[in-house]
Amino acid sequence: MSNDAYGATCAGNRYVGMVFGDQGTWLAQKDVTTIERLSAALRTRGIMPGSPADLKATLEAIRNVREFPPVDVAGQSGWHGEPSIYFHADGASAVPKGATAPQMAFARSSIASAGNPIRWKREVAALLEQWPTAKFALALMFLGPLLRLMPSVQNATVEFVGGQGSGKTVLRNVMASASGGTGVNGSPQYWHSIDSVIDKLSEVILDHRDRTLILDGTHLLGHVFDAKKLARPYLTLAHNAGRGDLAIPGTPSGTGRYRGVVTLFGRESLRTVAGKGDPSQDEMLTLTIPIDWGVPPEHVDKPAFLEALMTSAASHYGHAHRRFIKALVARLGRNREAFIRKLDKWQAEFLTKAGVDRGLGRDYAKAKVFAAAYAAAKLAQELKVLPGTLTFGKALTACYTAFRAQNTPRISFADRLEALAGDDRILKVSGQKDDRQSQRALQALGTLVSLPTHRELRVPPANIGRVFDDWKAIWKTDEVRGFMVPADGRGLKPKVSLARGLPAKRCWCFTLPLQEQGLFDADPGAEGSE
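So the mapping is simple: the working numbering equals the position in the sequence shown, first residue as 1, plus 15.
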């Protein structure tokens with residue numbers, strides 16, 4: 016055993032290079048402080064340590080080193096550099112043309128592959144077209160490596176919650192097949208059972224830096240651990256893992272920077288199992304799978320469809336992620352700025368089509384995860400990793416709409432209308448013709464007109480998304496339609512005037528009951544449709 020190479024990275028992390036016969040490895044300085052740590056670090060790299068005397072002599076030699084010259088060493092899998100070079104967990108690397116991969120100082124873990132990538136595209140990915148949840152889940156598998164190129168997007172911790180028959184197991188295996196094995200028919204398993212890693216959760220998350228981690232069985236935790244035991248895992252997943260480019264406690268300086276995606280599957284959310292409350296107060300994104308989304312409806316023989324999908328995922332796996340990374344590294348090497356602009360364009364495209372209000376605060380941050388997943392899917396298609404026949408915009412918009420509906424406190428539409436009636440952005444107009452009132456009506460989001468039998472909220476079509484930020488999700492519901500003013504057979508918008516004296520134009524109109532008139536209320540007059 017010899018240790019004849021020492022160095023420090025630009026981040027200040029020190030490494031020791033060691034040679035054992037024809038085997039060599041680099042170790043972080045933290046791993047060469049005691050005989051026990053050194054021995055364990057060598058074993059995890061498949062190297063049998065020497066005798067205790069040899070290990071002791073090695074440690075003594077390292078302690079006497081005073082100079083650590085600059086060295087380029089990758090201390091973890093994932094991106095290395097700006098990012099420019101990508102290391103897979105098994106040590107394989109994707110390197111730009113003309114560049115050289117640095118030394119590795121992380122313990123490798125195997126990631127299996129089998130079958131044919133073209134058949135995976137045809138027999139797994141292409142079958143998901145009518146399955147919105149599955150397309151969202153698959154898109155997340157390509158988001159992990161992109162987050163370092165999306166500084167405004169938070170890390171994603173996404174839960175898929177559903178009962179028996181909701182398709183969770185199939186979703187999990189489809190996701191896993193993009194990066195590794197599914198665990199079916201003896202194939203290796205890319206995903207983890209959460210109860211088996213709960214005591215080393217931060218370490219497992221860090222091991223999946225710049226890729227997507229899949230955890231299964233959150234509902235089982237409540238049968239094994241009490242709420243107190245689950246408090247820290249909940250904190251790690253619901254807060255720490257989602258807060259941008261953070262350091263995970265217990266890791267060396269500069270090596271714990273985490274960007275990536277964590278997905279969880281279970282019959283209950285981790286939030287529920289851990290006894291936590293308001294979903295708006297954490298960074299976790301929980302999607303309860305709608306009951307009619309379990310399996311695409313056009314498949315009459317659902318068991319046969321699911322079995323074929325599971326079989327194909329267990330036969331053809333582990334190719335898509337590697338192909339994606341290889342093409343991504345090459346694309347970054349050609350024109351990084353143009354590439355990032357394209358990612359930004361796709362995200363903006365989704366946010367616009369989904370009608371996302373930028374003023375939603377924490378909810379807007381979660382909406383951007385859906386937008387980023389959409390961009391990842393579009394890129395995977397452009398790089399020929401996913402079939403071009405898959406359409407992601409409508410599917411991910413449906414998932415986002417379902418997420419908003421499930422995680423937004425339920426307020427009746429009637430109460431929302433009453434709240435708007437008192438909103439300063441809505442102008443209460445009198446029945447008198449008044450030029451100043453007309454000007455104010457044109458500047459307001461809408462007007463509230465009092466009629467003999469009811470009040471009427473009138474909103475120009477251009478403002479409807481600002482008045483109701485979820486308009487695209489609610490406007491077709493029976494509840495909302497029940498408040499709409501009929502349009503005399505021509506569409507849904509009657510032709511009305513926002514205030515007396517203004518020309519009549521088509522607006523969205525909603526009825527509210529009359530309120531008892533107060534002493535100082537303006538005379539409503541007889542303002543009506545014109």
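Don't be surprised by glycine CBs; every beta carbon is placed ideally from N, CA and C. The structure displayed is predicted, hence computed values, not measured ones.
Phe407 is positioned such that its CB atom lies no closer than 8 Å to that of Phe385.
Scanning Gly290, Arg351, Glu283 for the CA closest to the CA of Pro111 turns up Arg351. In the structure shown, Met499 adopts extended strand secondary structure according to DSSP, grouped into three states.
Here Pro509 is buried, its C-beta having at least 16 other C-beta atoms within 10 Å.
Shown here, Met190 sits in a helix according to DSSP, grouped into three states. Residue range 441-444 is occupied by the beta strand (DSSP E) that includes Val444, with no alpha helix (DSSP H) assigned at that position.
By the beta-carbon neighbour count (other beta carbons within 10 angstroms, threshold 16), Gly39 is exposed.
For Pro203, the three-state secondary structure derived from DSSP is coil. Scanning Ile209, Gly178, Val139 for the CA closest to the CA of Thr251 turns up Ile209. According to DSSP, residue pairing for Ala89 in a beta bridge involves Met119. For Ala171, the enclosing beta strand (DSSP E) stretches over residues 171-176. Cβ-Cβ distances below 7 Å link Val168 to Leu162, Lys383, Val384, Ala387 in the same chain, with the five nearest sequence neighbours on each side left out; the list follows chain order. In the three-state DSSP reduction, His95 falls in the strand class (E or B). One thing to note: Trp135 has its Cβ within 8 Å of the Cβ of Tyr332.
Under the three-state reduction of DSSP, Val344 is assigned to helix. Annotation: the continuous beta strand (DSSP E) that includes Glu471 extends over 470-474. Asp430 is not bridged by DSSP to any residue. When the beta-carbon positions are compared, Arg29 and Ala23 come within less than 8 Å of each other.
Cβ-Cβ distances below 6 Å link Leu442 to Arg455, Ala456, Ala459, Thr462 in the same chain, with the five nearest sequence neighbours on each side left out; the list follows chain order. Comparing C-alpha distances from Leu285 to each of Arg377, Leu324, His238 shows the shortest one belongs to His238. Measuring C-alpha to C-alpha distances from Arg349 to each of Ala114, Val34, Glu138, Asn79 identifies Ala114 as the nearest.
Annotated three-state conformation of Met33 is strand, per DSSP.
A direct Cα-to-Cα measurement between Gly403 and Pro160 gives close to 21 Å.
Ala152 is a Cβ neighbour of Val189, given a cutoff of 8 Å. For Arg521, the three-state secondary structure derived from DSSP is strand. Burial state of Ile426 is exposed, judged by a 10 Å Cβ sphere holding fewer than 16 other Cβ atoms. In the DSSP annotation of this structure, the continuous segment of the beta strand (DSSP E) that includes Ile229 starts and ends at 227-231. Inter-segment contact for the region 219-229 and the region 178-194 is present: three or more beta-carbon pairs are separated by less than 8 Å. Leu529 carries a coil assignment under DSSP once its states are collapsed to helix, strand and coil. A straight-line Cα-Cα distance of about 11 Å links Cys524 and Ser512. In the pairwise beta carbon analysis, the region 114-132 is classified as touching the region 315-335: at least three pairs are separated by under 8 Å. Around the beta carbon of Ser217, 16 or more other beta carbons lie within 10 angstroms, which makes this residue buried. Judged by DSSP secondary structure, Val371 falls outside any alpha helix (DSSP H); it is assigned neither H nor E. In the three-state DSSP reduction, Gln447 falls in the coil class, being neither helix nor strand. Excluding sequence positions up to five before and after Lys244, its CB lies less than 6 Å from no other CB in the same chain. Residue range 408-422 is occupied by the alpha helix (DSSP H) that includes Phe418.
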